[in-house]
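**Q**
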Amino acid sequence: MTYKEIVEKFKPEMDKAVAFLDRELQKIRTSRATPALVEDVVVNCFNQNFPLKQLASISAPEPRQILIQPWDKSYVEGIVAALSKTGTGANPIVDRDTIRINLPSLTEEYRQDLLKLVSAKEEETRQIIRKFREEAWSKIQNFAREGQIREDDKFRGKDELQKLVDEYNKKIDAVGDKKRKEISE
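Numbering-wise, numbering that gives the first Met the number 0 puts 162 at position 163 of the sequence shown, and it's gapless, one number per residue.
#1: Please go through the segment 95-180 and give each complete beta strand (DSSP E) segment of 3 or more residues, from N-terminal end onward.
#2: Determine whether the beta carbon atoms of Ala55 and Ile78 lie at a separation below 9 Å.
#3: How many Å lie between Glu38 and Leu102 at the Cα?
#4: Using 9 Å as the threshold, is the C-beta distance between Arg31 and Pro11 below it?
#5: Could you pull out every residue in the same chain whose Cβ sits closer than 8 Å to the Cβ of Glu199, ignoring the five residues on either side in sequence?
#6: Do Thr34 and Ile65 have their C-beta atoms within less than 9 Å of each other?
#7: Can you name the residues that DSSP bridges to Glu61?
#8: Within 8 Å, do at least three Cβ pairs link the segment 123-140 to the segment 162-177?
#9: Taking the alpha carbon of Leu114 as the point to measure from, which residue in Lys177, Lys170 and Phe142 has its own alpha carbon closest?
#10: Looking at the unbroken beta strand (DSSP E) that takes in Phe49, where does it start and where does it end?
#11: To which residues does DSSP link Ile92 through a beta bridge?
#12: Quickly, what does DSSP pair Pro69 with across the bridge? List them, please.
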């Protein structure tokens, strides 16, 4: 096994970490309503737990409104109860067979809290990326000790790993900056 194969082996895992960060940041409220804010809310229906997206159609017809249309009328009560417990800062309004959530404007204090949360999620992802780098570097060193990788290839592998980490840190920054911009609007 070469150092390049070891480095390439960790790329998909790093991609997954950045994709996970992106999904997590979509759940953070901004000044615009988005179905991602509520789609993973756990709803208790018929003594079983389901994510909201399995029980209803979710849309954002207006910039500060989320519209939820349950597949069945019997889900409405459970959905309203689950939404009332979330920290969206709004109360669900039942309108016949649909549920509307009108999101209030963000206060400056709440915006600052959201920005801190974005930074914390970015840092968690960076830690995961660093963990993958350490794992890969450890493997490269072990192969070098066993004589399967030459000494100069070991250091090329270290440089390659650092380039990869830098590349993924830029991706993390891009995802975080996009969310910061949405929160600040």
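Backbone N, C-alpha and C fix where the C-beta goes; we use that ideal spot for every residue, glycine too.
**A** For this structure:
#1: 97-101
#2: yes
#3: 15 Å
#4: no
#5: Residue 199 is absent from the structure shown; the chain starts at 0 and stops at 184.
#6: Residue identity check: residue 34 is Pro in the sequence provided, not Thr. Yes, they are a contact pair.
#7: Gln64
#8: yes
#9: Lys177
#10: Gln47 to Pro50
#11: Arg99
#12: Ala55
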